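Asks: Heads up: the protein sequence lines correspond to chains A and B, in order.
Converting from the first sequence to this note's numbering requires adding 34 to each position, the first position being numbered 1.
Converting from the second sequence to this note's numbering requires adding 34 to each position, the first position being numbered 1.
Just dropping this structure here.
Protein chains: 2
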Amino acid sequence: MTTGQRAPARTRLLETADRVLFERGIRDTPVDDLLRQAEVSAATLYTHFGSKDALVAEVLRVRLSDWRGVWDQHIVAADNDLDRLLSVFDALASYRRDQGHPSRWCAFLAAATELPEAPDEISDVLAGDTALLADRLLQLSRPIAGPHAQDLADQVLLAYTGALAGFLRGSPRSPIDVGRRLAHAAAQAHSRD
Amino acid sequence: MTTGQRAPARTRLLETADRVLFERGIRDTPVDDLLRQAEVSAATLYTHFGSKDALVAEVLRVRLSDWRGVWDQHIVAADNDLDRLLSVFDALASYRRDQGHPSRWCAFLAAATELPEAPDEISDVLAGDTALLADRLLQLSRPIAGPHAQDLADQVLLAYTGALAGFLRGSPRSPIDVGRRLAHAAAQAHSRD
DNA sequence: GTCTATAAGCGGATAGAC
DNA sequence: GTCTATCCGCTTATAGAC
Chain A
35 MTTGQRAPAR TRLLETADRV LFERGIRDTP VDDLLRQAEV SAATLYTHFG
85 SKDALVAEVL RVRLSDWRGV WDQHIVAADN DLDRLLSVFD ALASYRRDQG
135 HPSRWCAFLA AATELPEAPD EISDVLAGDT ALLADRLLQL SRPIAGPHAQ
185 DLADQVLLAY TGALAGFLRG SPRSPIDVGR RLAHAAAQAH SRD
Chain B
35 MTTGQRAPAR TRLLETADRV LFERGIRDTP VDDLLRQAEV SAATLYTHFG
85 SKDALVAEVL RVRLSDWRGV WDQHIVAADN DLDRLLSVFD ALASYRRDQG
135 HPSRWCAFLA AATELPEAPD EISDVLAGDT ALLADRLLQL SRPIAGPHAQ
185 DLADQVLLAY TGALAGFLRG SPRSPIDVGR RLAHAAAQAH SRD
């Protein structure tokens with residue numbers, strides 16, 4: 035379905051930014067490099083977004099939206115309570131596989147570390163991701179852990195966050211698998227209550 | 035035992051850097067701010083260390099050494115196999131309590147994120163931390179999980195890393211407690227084999 | 001001899017003007 | 001779409017104080 039038509043400048047810029055920013059590092063990627071790779075002029079960037087920070091924020095919002103969609107699908111596809119809870123790990127594996135350019139670890143957490151004094155527009159996305167995770171994991175924990183659902187949800191969130199940070203650390207070898215097993219052990223412990 | 039004597043410039047610089055770099059962010063802290071806060075001249079920094087990167091590297095090496103010492107003490111103090119394995123969490127809580135200025139999350143992982151193209155001198159410290167964790171956790175897992183020690187060690191490392199990243203995410207509320215319980219559940223699952 | 005104060009060079013990055 | 005003003009951060013040079 036390649037039409038030969040070139041995507042509009044705004045789209046090219048967003049896609050380039052998403053591909054480069056989280057591989058090379060947000061701060062380490064000069065705007066000029068993005069412009070050159072996207073074949074877009076500086077004026078275009080500042081008309082459409084206003085600043086590098088605003089571009090970063092928009093890229094992050096798109097990521098969050100995509101991620102939510104992928105997770106949605108995996109929740110629907112799961113056919114029992116345990117698999118629904120653990121589907122966050124399958125969704126993560128799927129999300130990383132689908133984008134040809136896996137980021138070094140997590141775009142939201144990386145932004146929080148690299149841009150500690152960034153405008154709220156940016157930190158809000160991490161907050162949104164965290165809220166999404168916390169809310170859903172709590173719901174999905176109820177059928178398994180009942181009154182201890184919050185406890186289980188906290189543990190699964192931590193295992194998920196650990197899997198992401200495991201990529202940054204470079205250990206263990208397959209962070210998503212290990213995180214999933216860890217969350218599984220936590221769920222088992224809670225279903226024996 | 036305060037003598038009124040001022041610590042030497044090199045020491046003041048190291049202490050200031052350790053306090054500020056991981057609170058405000060490594061890249062977001064200009065050298066000038068460190069100099070002003072440490073009441074040290076620029077010439078002193080560059081004669082003692084040679085560059086900002088080299089100063090960062092030295093601060094990280096000191097941190098790794100301190101952290102190893104704290105963990106040592108907690109391993110010795112533990113009086114059974116399970117507590118020895120989980121002592122990494124108690125050591126982390128203790129380490130963070132002892133430094134008056136808890137960093138936002140983990141200095142080594144933050145450096146890896148903020149300085150992706152940093153000299154080996156810097157990335158080596160994260161590698162050293164990871165090797166320390168992986169080696170020790172494997173040893174401490176053997177008495178509990180026997181042939182599955184590597185599996186358990188991977189999971190505890192991931193829970194530990196997740197606790198650190200949990201501070202960055204701001205959730206769950208008490209990452210170290212949650213991480214410890216998670217590792218506990220993993221150990222229990224392995225001791226039932 | 002160690003440290004301070006000051007200033008300036010220099011590359012690089014953002015942002016906006018033309 | 002190009003080009004450039006402006007700023008900022010790291011580093012070094014100079015000269016002097018304790």
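Glycine included, every Cβ here is placed at the ideal spot set by N, Cα and C.
Note that the coordinates shown come from a computational prediction; the quantities given were computed from them, not determined experimentally.
Report the CB separation of L47 (chain A) from V65 (chain A) in whole angstroms; it is logged as a contact under 8 angstroms.
Replies: Not a contact, Cβ separation roughly 10 angstroms.
Asks: Should V212 (chain B) be labelled buried (16 or more other beta-carbon atoms within 10 Å of its own) or exposed?
Replies: Buried.
Asks: Taking C-beta pairs closer than 7 angstroms, name the residues in chain A that R215 (chain B) reaches, listed in chain order.
Replies: Simply Q189.
Asks: Consult DSSP for M35 (chain A) and reduce its assignment to one of helix, strand or coil.
Replies: Its pLDDT being 47, under 50, M35 (chain A) is placed unreliably in this model, and the value from its coordinates should be taken loosely. Coil at M35 (chain A), not helix or strand.
Asks: If you count every other CB in all the chains shown that lies within 10 Å of the CB of D52 (chain A), and 16 or more means buried, which is it?
Replies: Answer is buried; the Cβ neighbour count reaches 16.
Asks: State buried or exposed for E92 (chain B), treating a residue as buried only when at least 16 other CB atoms are found within 10 Å of its CB.
Replies: Classification of E92 (chain B): buried, given that the 10 Å Cβ count is 16 or more.
Asks: Taking a Cβ distance cut-off of 9 angstroms, strictly less, list which residues of the stretch 120-150 of chain B are near chain A, in chain order.
Replies: Those would be R138, W139, C140, F142, L143, A144, A146, T147, E148, L149, P150, in chain order.
Asks: Rounded C-beta distance between A144 (chain A) and T147 (chain B)? I'm assuming under 8 angstroms.
Replies: Contact flag correct, Cβ pair sits at about 6 angstroms.
Asks: Cα separation between E155 (chain B) and S99 (chain B)?
Replies: So the two alpha carbons sit approximately 15 angstroms from each other.
Asks: Go ahead and label S208 (chain B) buried or exposed: buried means 16 or more other beta carbons lie within 10 angstroms of its beta carbon, across all protein chains shown.
Replies: Burial call: exposed.
Asks: Do F201 (chain B) and W105 (chain B) come within 7 angstroms of each other at the CB atom, strictly closer than that value?
Replies: In this structure, F201 (chain B) does not lie closer than 7 angstroms to W105 (chain B) by Cβ.
Asks: How many Å lie between L160 (chain B) and A193 (chain B) at the Cα?
Replies: Computed Cα separation, rounded: 17 angstroms.
Asks: Buried or exposed for R97 (chain B), please, with buried defined as at least 16 other CB atoms from any protein chain shown within 10 angstroms of its CB.
Replies: By the 10 Å Cβ count, R97 (chain B) comes out buried.
Asks: Establish whether the CB of A77 (chain A) and some CB of chain B are separated by less than 7 angstroms.
Replies: With 7 angstroms as the cut-off, A77 (chain A) does not count as an interface residue toward chain B.
Asks: Can you list, in chain order, the residues of the stretch 80-97 of chain B whose Cβ is nearer than 8 angstroms to any Cβ on chain A?
Replies: If the cut-off is 8 angstroms between Cβ atoms, the stretch 80-97 of chain B has nothing near chain A.
Asks: Of the choices A:L119, A:L94, A:P42, A:P181, whose alpha-carbon is the least far from that of L55 (chain A)?
Replies: Ranking the options by Cα distance to L55 (chain A), first place goes to A:L94.
Asks: Is E155 (chain B) helix, strand or coil by DSSP?
Replies: In this structure, E155 (chain B) counts as helix in the three-state DSSP scheme.
Asks: Just the Cα atoms here: how many angstroms apart are P233 (chain A) and D115 (chain A)?
Replies: It is not possible to answer for residue 233 (chain A), since the shown part of chain A is limited to 35 through 227.
Asks: Suppose the cutoff is 7 angstroms on Cβ atoms and the five residues either side in sequence are ignored; what does the same chain contact list for H135 (chain A) look like?
Replies: Excluding positions up to five away in sequence, the list reads R53, E57.
Asks: Taking buried to mean at least 16 other C-beta atoms within 10 Å of its own C-beta, is D239 (chain B) buried or exposed?
Replies: A question about residue 239 (chain B) goes unanswered here, because the residues of chain B that appear run from 35 up to 227.
Asks: Just verifying my parser: in three-state terms, what is the DSSP assignment at E148 (chain A)?
Replies: Three-state result, E148 (chain A): helix.
Asks: How is A187 (chain B) classed by DSSP in three states: helix, strand or coil?
Replies: Reduced to three states, the DSSP call for A187 (chain B) is helix.
Asks: Is R203 (chain A) close to chain B, meaning its C-beta is less than 7 angstroms from at least one C-beta of that chain?
Replies: So, interface residue.
Asks: By Cβ distance, which residues of its chain are closer than 6 angstroms to D158 (chain B), with the 5 residues on each side in sequence left out?
Replies: Same-chain partners within the cutoff: there are none.
Asks: Verify whether the separation of the beta carbon atoms of T195 (chain B) and A111 (chain A) is less than 7 angstroms.
Replies: No, the pair does not count as a contact, with Cβ atoms beyond the cut-off.
Asks: If you run the structure through DSSP and keep just helix, strand and coil, what is A111 (chain A)?
Replies: Residue state, collapsed to three classes: helix.
Asks: Taking Cβ-Cβ distances below 7 angstroms as the criterion, which residues of the stretch 166-188 of chain B are in contact with chain A?
Replies: Those residues of the stretch 166-188 of chain B that come within reach of chain A (Cβ to Cβ, closer than 7 angstroms) are A168, D188.
Asks: Given that a residue counts as buried once 16 or more other Cβ atoms are within 10 Å of its Cβ, and exposed if not, what is T50 (chain B)?
Replies: Under this definition T50 (chain B) is a buried residue.
Asks: Hey, S175 (chain B) and A168 (chain B): beta-carbon distance below 7 angstroms or not?
Replies: Result no, Cβ atoms of S175 (chain B) and A168 (chain B) do not sit closer than 7 angstroms.
Asks: Can you tell me which of the three DSSP states E49 (chain B) falls into?
Replies: Helix, per DSSP.
Asks: Taking just the CA atoms, how far does D188 (chain A) sit from H218 (chain A)?
Replies: Between H218 (chain A) and D188 (chain A), the C-alpha separation is close to 13 angstroms.
Asks: Report the neighbours of G103 (chain B) on chain A: residues whose CB is nearer than 8 angstroms to its CB, in chain order.
Replies: Per Cβ cutoff of 8 angstroms: no residues; G103 (chain B) is ~21 angstroms from chain A at best.
Asks: Report the residue from B:G59, B:Y80, B:T78, B:F83 whose alpha carbon sits nearest the alpha carbon of E151 (chain A).
Replies: Looking at the Cα atoms, B:G59 is the closest of the given residues.
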